[in-house]
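Taking it in order: structure first as C-alpha cells, then the write-up.
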Ligand SMILES: Cc1ncc(COP(=O)(O)O)c(C=O)c1O
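Residue numbers (the numbering used here): 21 to 391.
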C-alpha cells in the first residue's frame, strides 16, 4: 500500500445530509417515539415484500423474537436453523424456550440444504428458519414445498437480504413471516432497527401488540408483551435509506459482477448466483483454499478491508455446544464447518470507486504468492 492510498473499509454505513435532516426534523417536531414516521416506514417497506403487512421494531433480533412468539413457538418445539449464520438466528429460538436443530447448508448459496432440512424433521418440529445469507436467497422453492408437506411454519431470516428474490418472489414474502435488520452495516439502516413482514393480518396485529406491552389502546393490555418499539427518529432515517436502496443495490450487484469477472487467483472461489436468484450482495464472500489467515493478513496489508462471517458455527458457540454435549447431541455439518474455515468477505459496498475495485482485484490476484 502506498501512503497516498487509504485503506478500503469492509463496510461503509451512510449517514448523509438527508438522513441528518430527517432526524433533526423529527427531533424538532417533539414527536419522537413510535408514531407517524414508523407508520410511513412500514407502508413503504411493504412494497419490498409484495405488499405484505410490515411491523417495525427496534432490531432484527427483536423482529425474529417477536415473530416466533406471534407464531406460538415455545417450549417443546424444535426449529430447524442453519448453524452457519449470525448467533441471533438461533438465540431467538432458545429465548422462546424452543430447541434449535441445526441443519447443514448448500455449499454454493450458503443457505439451508433442503435435503438436510427434511432429514432433520421430527414430530416436535414446529418451524423451519432459512437464512438468506450474504444477500443470496435460500432455496425457498424447495423449502416451502417441504414445509407444506409436513405442515410446518417457515420463518425467513432476511436480516441480510433486503430486496433479494427467488424466481421473482422477494425474500420475506415466502413464509409465515420474514425479518429484516437495519443495523448500520446492512444494505440500508435506521441506526438500529428491524422489520417483520407477514401475509397474515392476525399475526401482524399480534406483532403490534407484542412490541408495545400487549397494548393497542393505552392501558387496555390484551396479552403479555415487551417494549420493542422503533423510534420515529430511526424510522425517518430508515425512510431516507429505503428511498436509496434500489440504486445502492444495483451498484452492489455491479461491483460484485466486476470482482467476479476479474478475480482469477487459483486458490480463490468467487460467489455464485443460483438460477432465478437475485443476490443483493450484502457481502461479497470468497472461499480461500490454503492459509486463510495469511490471505487475510496480505489483504489487510494491501489496505483491503476483509472479515469472516462467521468463523465459529453457531452449534460450536458455548451456549449451544455445552447443553448439546450434555444431552449427547452431535451435529454432522460438514459443509458448515468447511464454509466457516474458508470464507472471507471483501468490500462490495456502493461507495467503492472504479479504482477501489481494481485495487481489490489486484490484491486478491496477488494472493497466490501468499498462500
Ligand atoms: C442473519 C442475521 N440474523 C439476525 C440478525 C440480527 O439483526 P440485528 O443486529 O438488527 O438485531 C443479523 C444482523 O446482524 C443477521 O445478520
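Glycine included, every Cβ here is placed at the ideal spot set by N, Cα and C.
Check each candidate in the options and name the one with the smallest Cα separation from residue i.
| i | options | result |
| --- | --- | --- |
| residue 178 | 162, 167, 289, 158 | 158 |
| residue 300 | 129, 316, 270, 309 | 270 |
| residue 363 | 350, 331, 320, 156 | 331 |
| residue 242 | 225, 255, 254 | 225 |
| residue 384 | 292, 287, 119 | 287 |
| residue 108 | 310, 214, 29 | 214 |
| residue 254 | 38, 27, 28 | 38 |
| residue 25 | 339, 328, 320, 341 | 320 |
| residue 292 | 101, 200, 155, 115 | 155 |
| residue 42 | 370, 79, 61, 189 | 61 |
| residue 84 | 370, 322, 365, 200 | 200 |
| residue 313 | 372, 391, 335, 322 | 391 |
| residue 256 | 27, 48, 28 | 48 |
| residue 365 | 119, 316, 311, 35 | 316 |
| residue 126 | 153, 117, 119, 110 | 153 |
| residue 67 | 79, 184, 36, 35 | 184 |
Only counting the same chain, and skipping five residues up and downstream in sequence, which positions put a Cβ closer than 8 Å to that of residue i?
| i | result |
| --- | --- |
| residue 208 | 182, 202, 258, 261, 262, 264, 265, 268 |
| residue 346 | none |
| residue 290 | 279, 280, 283, 306 |
| residue 229 | 235, 236, 242, 243, 245 |
| residue 53 | 249, 251, 252 |
| residue 388 | 285, 286, 287 |
| residue 19 | No information on residue 19 is available, as it lies outside the stretch 21 to 391 that the chain covers here. |
| residue 121 | 98, 99, 100, 101, 140, 142, 145 |
| residue 344 | 335, 350, 351 |
Less than 7 Å between C-beta atoms, sequence neighbours within five positions excluded: which residues of the same chain meet that for residue i?
| i | result |
| --- | --- |
| residue 194 | 160, 164, 174, 176 |
| residue 333 | 103, 104, 353, 356, 357, 360 |
| residue 204 | 33, 211 |
| residue 144 | 96, 97, 98 |
| residue 377 | 275, 278, 279 |
| residue 106 | 330 |
| residue 112 | 81, 84, 85, 88 |
| residue 31 | 205, 369 |
| residue 90 | 223, 226, 227, 230 |
| residue 51 | 252 |
| residue 351 | 103, 122, 335 |
| residue 64 | 259, 262 |
What whole-angstrom Cβ distance do residue i and residue j have, given they're in contact under 8 Å?
| i | j | result |
| --- | --- | --- |
| residue 249 | residue 232 | 6 Å |
| residue 77 | residue 88 | Not quite, the Cβ-Cβ distance comes to about 13 Å (not below 8 Å), so this is no contact. |
| residue 133 | residue 294 | Between residue 294 and residue 133 the Cβ distance is about 13 Å, and since that is not below 8 Å, they are no contact. |
| residue 166 | residue 138 | 5 Å |
| residue 46 | residue 57 | 6 Å |
| residue 148 | residue 172 | 6 Å |
| residue 180 | residue 206 | 7 Å |
| residue 118 | residue 340 | The Cβ separation is near 13 Å, so there is no contact. |
Given that a residue counts as buried once 16 or more other Cβ atoms are within 10 Å of its Cβ, and exposed if not, what is residue i?
| i | result |
| --- | --- |
| residue 23 | Confidence is the limiting factor: at residue 23 the pLDDT is only 45, short of 50, which leaves the residue's position unreliable, though a coordinate-based value still follows. Classification for residue 23: exposed. |
| residue 150 | buried |
| residue 324 | buried |
| residue 170 | exposed |
| residue 380 | buried |
| residue 239 | exposed |
| residue 237 | exposed |
| residue 382 | exposed |
| residue 348 | exposed |
| residue 298 | buried |
| residue 338 | exposed |
| residue 386 | exposed |
| residue 124 | buried |
| residue 247 | exposed |
| residue 168 | exposed |
| residue 190 | buried |
| residue 342 | exposed |
| residue 40 | exposed |
| residue 131 | buried |
| residue 221 | exposed |
| residue 318 | buried |
| residue 374 | exposed |
Residues in the same chain with beta-carbon distance under 6 Å from residue i, minus the five sequence neighbours each way, listed in chain order, please.
| i | result |
| --- | --- |
| residue 296 | 186, 187 |
| residue 217 | 69, 72, 74, 192, 198 |
| residue 368 | 272, 275, 276, 301, 304 |
| residue 309 | 287 |
| residue 219 | 72 |
| residue 136 | 123, 124 |
>> Which runs of the beta strand (DSSP E) at least 3 residues long sit entirely within the stretch 55–100? Give them in chain order.
In response: 73–77
> Where in the stretch 170–216 do unbroken runs of the beta strand (DSSP E), each at least 3 residues long, occur, reported from the N-terminal end onward?
Replying inline: 173–177, 197–201
>> Threshold first: 4 residues or longer. Then list the alpha helix (DSSP H) segments lying entirely within the stretch 319–365, N to C.
In response: 338–346, 354–362
> Which residue spans inside the stretch 221–277 form an unbroken alpha helix (DSSP H) run of at least 4?
Replying inline: 221–230
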